[in-house]
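Here is the structure we will look at.
6 protein chains.
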Amino acid sequence: MTVDTRPSGRAADALRPVRLTRRYTKHAEGSVLIEFGDTKVICTASIEEKVPPFLRGKGQGWLTAEYGMLPRSTHSRMDREAAKGKQSGRTQEIQRLIGRSLRAAFDLNAFGERTLHLDCDVIQADGGTRTAAITGAMVAAYDAFAVLVERQLISAIPLKHFVAAISVGVYRGVPVLDLDYLEDSGCDTDMNVVMTDAGHFIEVQGTAEGEAFDRVTMNQMLDLAQAGIENLNRMQKEALGLAQ
Amino acid sequence: MTVDTRPSGRAADALRPVRLTRRYTKHAEGSVLIEFGDTKVICTASIEEKVPPFLRGKGQGWLTAEYGMLPRSTHSRMDREAAKGKQSGRTQEIQRLIGRSLRAAFDLNAFGERTLHLDCDVIQADGGTRTAAITGAMVAAYDAFAVLVERQLISAIPLKHFVAAISVGVYRGVPVLDLDYLEDSGCDTDMNVVMTDAGHFIEVQGTAEGEAFDRVTMNQMLDLAQAGIENLNRMQKEALGLAQ
Amino acid sequence: MTVDTRPSGRAADALRPVRLTRRYTKHAEGSVLIEFGDTKVICTASIEEKVPPFLRGKGQGWLTAEYGMLPRSTHSRMDREAAKGKQSGRTQEIQRLIGRSLRAAFDLNAFGERTLHLDCDVIQADGGTRTAAITGAMVAAYDAFAVLVERQLISAIPLKHFVAAISVGVYRGVPVLDLDYLEDSGCDTDMNVVMTDAGHFIEVQGTAEGEAFDRVTMNQMLDLAQAGIENLNRMQKEALGLAQ
Amino acid sequence: MTVDTRPSGRAADALRPVRLTRRYTKHAEGSVLIEFGDTKVICTASIEEKVPPFLRGKGQGWLTAEYGMLPRSTHSRMDREAAKGKQSGRTQEIQRLIGRSLRAAFDLNAFGERTLHLDCDVIQADGGTRTAAITGAMVAAYDAFAVLVERQLISAIPLKHFVAAISVGVYRGVPVLDLDYLEDSGCDTDMNVVMTDAGHFIEVQGTAEGEAFDRVTMNQMLDLAQAGIENLNRMQKEALGLAQ
Amino acid sequence: MTVDTRPSGRAADALRPVRLTRRYTKHAEGSVLIEFGDTKVICTASIEEKVPPFLRGKGQGWLTAEYGMLPRSTHSRMDREAAKGKQSGRTQEIQRLIGRSLRAAFDLNAFGERTLHLDCDVIQADGGTRTAAITGAMVAAYDAFAVLVERQLISAIPLKHFVAAISVGVYRGVPVLDLDYLEDSGCDTDMNVVMTDAGHFIEVQGTAEGEAFDRVTMNQMLDLAQAGIENLNRMQKEALGLAQ
Amino acid sequence: MTVDTRPSGRAADALRPVRLTRRYTKHAEGSVLIEFGDTKVICTASIEEKVPPFLRGKGQGWLTAEYGMLPRSTHSRMDREAAKGKQSGRTQEIQRLIGRSLRAAFDLNAFGERTLHLDCDVIQADGGTRTAAITGAMVAAYDAFAVLVERQLISAIPLKHFVAAISVGVYRGVPVLDLDYLEDSGCDTDMNVVMTDAGHFIEVQGTAEGEAFDRVTMNQMLDLAQAGIENLNRMQKEALGLAQ
């Protein structure tokens with residue numbers, strides 16, 4: 001299955017080159033630079049020895065995520081959210097998505113009254129920043145839990161599933177995987193899919209930006225996403241040196 | 001297909017009683033009270049004779065939506081967002097969804113440099129407020145455009161499709177339609193679906209709150225949603241007195 | 001005493017039709033829709049089992065109020081305060097007035113360390129929203145305290161006085177009662193009066209918008225207000241099914 | 001008429017010593033330090049050569065007021081509003097009152113498309129800051145308009161009336177004039193009255209803080225206020241060197 | 001050493017007339033009006049019987065400062081920071097400088113778990129407001145600590161050094177002391193220096209506004225500052241009635 | 001001159017290894033990663049084809065800077081400023097310093113009505129982030145102006161001086177150059193110096209954090225800074241491939 005007109009020249013079912021660099025910065029318990037082609041996101045995982053007020057005393061942990069873009073990570077400079085004094089609706093939507101996705105990856109009852117803070121900061125954007133963020137944050141979170149194991153604060157990594165995310169869309173009538181910026185801005189439909197390594201869905205968020213899409217197209221997109229996420233799960237495990 | 005354990009006692013594929021009351025308040029060009037069972041949302045559509053700065057001079061219209069809940073529309077009182085000085089991430093996510101959904105319903109190039117403001121305010125909440133809001137806002141927007149036709153400012157309602165929305169979920173292992181609050185808080189998966197009256201998708205937003213869900217379940221949920229939305233489209237047209 | 005030129009056609013001392021609908025929404029301990037003609041305000045009373053920090057441990061209760069208008073409750077759409085991120089000076093002034101007025105109605109030492117939150121949300125505005133809000137909130141608060149009695153948490157409703165409010169003004173030189181929007185925007189003087197059912201004043205707030213007013217006019221306005229409030233007190237008690 | 005128990009030892013109808021110091025600071029077109037006993041407020045009037053957007057092109061002027069308290073103008077230090085990032089409801093209420101009162105003093109159609117900004121900053125508080133602010137701002141505004149006359153930008157001061165304000169209250173059952181802090185915090189009723197030098201009312205704001213008050217008391221308070229304001233008007237004119 | 005062209009006519013090494021008025025307002029433990037020529041700043045020192053959270057239980061005190069300008073303390077009216085809802089970067093920079101400078105003057109371990117709040121409010125600005133604020137706050141803080149001694153809460157004033165501040169600059173090529181507004185707006189370099197009465201530096205903040213400055217000029221400016229601060233320290237002690 | 005006890009083991013006058021990586025991200029006109037040892041800052045320079053309102057129509061350009069830290073660039077995670085809704089005083093102080101420093105490097109009258117936005121984002125912090133930011137932003141700004149030359153929008157880079165910055169301090173009694181985090185948190189005095197390649201001062205900001213420092217120490221620190229900045233200027237030019 002190929003698309004001659006795909007701006008990136010990729011096959012419809014091809015991911016961009018993916019790179020996962022662990023220990024990218026030195027302070028965080030987990031720190032990963034993830035690259036989906038020209039999209040580059042720093043994902044750090046920080047452990048805090050307390051939980052938010054609504055969970056205190058319940059013996060349970062918490063995991064939360066924040067997302068940001070450097071002002072000139074994008075083609076034209078965006079205003080800095082800290083200077084404007086508020087996060088955009090898009091930013092909040094994305095960080096809520098990252099948080100929900102990663103909470104599905106780990107057992108919140110198995111790491112004590114601690115909070116794992118995930119910070120996903122885009123240093124260069126070329127489409128798919130939220131899916132790169134989820135995929136990279138999975139590895140950073142794993143590394144942070146490994147630190148807790150190493151410090152003998154918990155006995156095992158509280159893993160439920162490996163979780164990864166990818167975008168799919170309909171570009172010039174053809175369903176394609178992992179849209180870059182050019183493809184994303186020209187596509188009719190954009191769907192972000194988050195799945196586990198068992199092939200189950202955590203999140204599906206599809207939006208018809210131009211024409212509404214039918215059930216057949218939906219199924220084709222889900223097929224592409226599932227295959228793409230299997231690949232990403234494999235790369236996450238390789239990066240972590242885990243036997244498959 | 002029935003579910004004995006569904007708290008509402010409804011069949012798995014049954015909507016709650018739906019009521020659409022047009023001209024609910026007197027000032028707005030379109031004003032609809034929509035009820036999905038005990039969920040009650042006031043949807044008003046207001047016409048403004050200008051567009052936001054990014055569209056000025058392009059001869060195109062705009063449509064945008066805001067969403068709010070009265071502090072005691074819910075079981076326990078929530079803080080008032082105006083008093084806190086900011087809208088929650090959830091509020092912003094919902095109003096962005098309503099806006100995108102309704103922009104798919106109308107032709108933005110066919111009503112001049114005007115903005116249609118949709119305000120969806122929940123006065124009583126019992127699950128499904130965002131889907132009720134989209135379904136009611138469709139009717140309010142239609143009424144507002146009819147005012148423009150009546151005033152001879154445009155020649156026809158710039159309709160592309162009727163759009164409606166419904167939630168589906170998995171409750172005790174069974175896919176069910178139109179979750180009320182009790183069902184929603186106990187379900188494993190929650191999906192909001194927005195479709196046109198041609199049976200195409202505008203938005204699909206599914207979240208696994210407990211267990212991740214598989215492809216079979218996804219398909220069952222989409223089937224339920226499609227049937228439910230057909231019903232809602234019919235009710236919208238009846239409310240507007242349109243021949244089918 | 002009649003005024004030929006009064007836009008509403010009402011006699012100078014005539015209230016608009018008043019309707020009080022109790023149990024208007026289902027979650028709040030007290031929930032009242034109050035209508036002064038076309039002005040419609042939802043007043044809910046919510047009980048919280050704690051007091052603000054400055055009262056903790058003093059064995060005393062608290063009562064506070066918030067006020068809002070739906071964006072299209074008015075003739076032209078107003079910006080949503082939650083979206084702007086702040087309440088206007090007018091909103092704050094009104095909610096402070098409602099709070100002070102209702103704190104005069106009840107004995108704060110007679111319902112334990114609890115807070116009664118009054119939320120007054122205008123769904124349709126046609127003048128007099130603050131006076132309708134006070135008059136309706138009185139009934140909602142009464143109902144909420146009745147719930148506390150029913151739950152045997154307090155032995156009696158901590159009532160000091162029934163409290164109601166009405167506006168008076170000078171329209172085309174003639175003092176008139178209960179101004180609607182048209183009258184209000186054309187009047188010279190606007191005064192809001194809050195009184196007890198013993199005929200005493202809780203609040204008097206008069207503003208000369210055009211010409212300053214003299215002492216004779218002031219006395220005429222206070223006479224009108226007193227008679228109007230006696231009527232409102234009677235309707236409040238009827239709505240609550242109280243023997244007079 | 002005397003009150004033995006009045007903490008200040010003043011007669012019931014006695015003002016505190018009043019001092020008006022013109023040209024208190026050097027930059028503002030009008031700058032007055034007003035003292036009501038230990039209450040000290042700096043009132044400046046600044047002319048800006050434009051009007052707010054809603055008045056542009058209408059050939060009309062505008063007058064607006066802001067109010068603030070130095071953090072340690074009060075007995076205990078208050079938080080600085082600029083540091084908290086918002087003005088309290090009380091601050092907004094007071095500055096709206098000052099603005100309305102002074103707009104009644106001048107003819108907004110008689111000084112061109114200019115804005116007069118009144119800034120009333122309390123440097124020491126001992127009760128009655130808002131009434132001192134209004135009374136002092138009247139003189140500062142007069143001086144600022146005199147500058148416009150001197151610069152030959154307008155032909156005459158656009159004066160409608162002299163306006164002054166005073167508080168009255170019920171202290172230990174007796175109506176008294178011009179409450180200081182000790183009296184204010186112990187009184188049952190507090191009323192602020194703004195009047196013209198023709199003896200007409202601009203604003204009346206009375207609040208029963210303890211017991212509701214009756215019509216007789218109201219009349220006694222209004223009598224006290226009227227006499228007090230006559231005195232203040234005389235002092236304003238003396239300070240300005242105006243023949244009476 | 002004289003400068004013919006200095007707008008103020010002062011010698012290059014001459015301070016403006018300095019006046020320190022203690023007990024300027026009545027509520028604060030320390031309250032000083034400091035005047036550097038036409039620059040007038042009210043400095044109050046308020047004692048709070050607790051420390052910020054990060055210091056609780058450490059047996060140590062804290063000292064912090066806030067700075068503000070009345071809107072018309074300046075030549076043209078500035079927006080009120082409380083109304084804008086945020087302090088400017090300049091304001092924050094200045095209040096951080098005042099706080100650091102005064103924390104160097106006192107032993108934070110010698111006055112218990114208390115906070116000294118310094119509020120420096122400019123009522124008239126003519127250049128050098130931050131240096132006047134530091135110099136005046138020193139005296140206000142001393143007075144506030146004297147109150148603690150008098151109340152027998154501490155045994156001695158926790159003084160480390162007397163601290164004062166002055167500006168120096170290069171005006172038309174000549175280094176000069178204590179710039180007023182006219183000199184400041186026309187100068188090439190502006191440096192604020194904070195020193196102890198032992199002749200040591202607490203803060204040096206120099207900025208080349210036009211031409212960068214060389215080492216020789218830097219030394220000349222430091223010489224001027226040192227001599228000026230010796231004078232200010234003497235005046236501070238005189239004002240406090242301390243034997244030298 | 002060596003210091004045995006310097007935690008980094010460096011000589012007192014030794015910089016950390018400095019690396020300048022140009023074209024670090026792809027969208028910005030200038031994009032530099034600068035490393036001072038473990039301190040890593042991304043500096044981007046973005047050209048906008050307009051100036052702020054206060055400069056419009058004056059034929060002059062503008063240059064402004066913003067600064068941020070990724071939440072986990074530091075040893076413990078800091079709150080994200082965008083999520084808190086405001087920039088700290090420290091952040092504002094630093095970005096104002098960067099802006100002033102770089103405005104001294106270029107001729108604002110020589111690049112038309114354009115704004116150069118400098119964004120300095122710390123991805124890893126180990127002391128000296130503001131000095132690294134200034135030094136890196138100089139190179140990014142140079143690259144951005146080179147783009148304007150290349151596009152034939154200006155005829156030459158509007159360079160006045162090369163500007164660089166370094167910190168100096170007193171660690172265990174010895175003046176040292178370029179403090180890392182460990183040294184910075186333990187030092188008595190911290191001074192940031194910004195100089196031109198002509199050896200002149202742009203900014204000097206010294207703070208005694210423990211003991212006040214004397215004139216001799218000040219001179220020693222300035223000597224160290226001057227030598228360090230000469231080195232940095234050389235590296236900047238090398239990175240840009242400029243003949244010296």
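Chains as they are written, first to last, in the UniProt record's numbering: chain A, 1 to 244; chain B, 1 to 244; chain C, 1 to 244; chain D, 1 to 244; chain E, 1 to 244; chain F, 1 to 244. For each residue, glycine too, the CB sits at the ideal point set by N, CA and C.
With contacts defined as CB atoms closer than 8 angstroms, E209 (chain A) and D188 (chain A) qualify as a contacting pair. A132 (chain A) and A28 (chain A) have their C-alpha atoms roughly 19 angstroms apart. In the DSSP annotation of this structure, the continuous segment of the alpha helix (DSSP H) that includes N231 (chain D) starts and ends at R215 to A239.
Within the same chain, A125 come within 6 angstroms of T74 (chain E) by CB-CB distance, once the 5 residues on both sides are set aside.
DSSP lists B:D119 as the bridge partner or partners of E66 (chain B). Chain D has no Cβ within less than 8 angstroms of the Cβ of R172 (chain E). If you keep only unbroken alpha helix (DSSP H) runs of at least 4 residues inside the UniProt domain "Exoribonuclease phosphorolytic" (15-144) of chain E, you get 81-84 and 89-103. Taking the Cβ atoms as the reference, L102 (chain B) lies roughly 6 angstroms from A141 (chain B), within the contact range of under 8 angstroms.
Taking CB atoms only, T129 (chain D) has no neighbour in chain C less than 8 angstroms away.
Beta-bridge pairing by DSSP links Q205 (chain D) to C:Q205 and D:N192.
Per DSSP, G186 (chain D) is one residue of the alpha helix (DSSP H) stretching across Y181 to G186. Straight-line spacing of the CA atoms in L159 (chain F) and D79 (chain A) works out to 27 angstroms. With distances taken between CA atoms, G61 (chain B) lies nearest to B:F111 out of B:F111, B:T39, B:I229 and B:F54.
Those residues of the region 48-69 of chain A placed with their C-beta closer than 9 angstroms to a C-beta in chain F are E48, E66 and G68, ordered along the chain. Assigned with DSSP and collapsed to three states, A164 (chain A) falls in strand.
In its chain, beyond the 5 residues on either side, no residue has a beta carbon closer than 6 angstroms to the beta carbon of E238 (chain F). Closest option to E211 (chain F), judged by alpha-carbon separation, among E:I123, E:Q95 and E:G199: E:G199. Residues T5 of the same chain have their beta carbon placed closer than 6 angstroms to that of R172 (chain C), with the five preceding and five following residues left out of the count. Burial is judged here by how many other beta carbons sit within 10 angstroms of a residue's own beta carbon; R16 (chain A) has at least 16 and is buried.
If you ignore the 5 residues before and after S76 (chain A), its C-beta comes within less than 7 angstroms of no other C-beta in its own chain.
For P71 (chain C), at least one C-beta of chain B is nearer than 8 angstroms to its own C-beta. Within 8 angstroms of the CB of D184 (chain F), no CB atom of chain A is found; the nearest one sits about 15 angstroms away. Scanning its chain for C-beta atoms nearer than 7 angstroms, with the 5 sequence neighbours on each side dropped, one finds around G186 (chain E) the residues Y171, in chain order. Chain E places no beta carbon closer than 8 angstroms to that of V139 (chain F), leaving this residue out of the contacts. For P175 (chain C), the enclosing beta strand (DSSP E) stretches over residues V174 to L177. Check the Cα spacing between T196 (chain E) and each of E:L20, E:N233 and E:T91: the tightest is with E:N233. G85 (chain F) belongs to the set of residues whose beta carbon lies under 8 angstroms from a beta carbon in chain A. One thing to note: I34 (chain F) has its Cβ within 8 angstroms of the Cβ of L20 (chain F).
Of the candidates C:N231, C:E113, C:A156 and C:L118, the residue whose Cα lies closest to the Cα of K50 (chain C) is C:E113.
With fewer than 16 other CB atoms across the displayed protein chains lying within 10 angstroms of its CB, E230 (chain B) is exposed. Each residue's CA atom was taken as its position, placing D190 (chain C) and T207 (chain C) some 5 angstroms apart. Within chain D, the C-beta atoms nearer than 8 angstroms to that of T196 (chain C) come from A212, in chain order. For Q124 (chain A), the closest Cβ of chain F is nearer than 8 angstroms.
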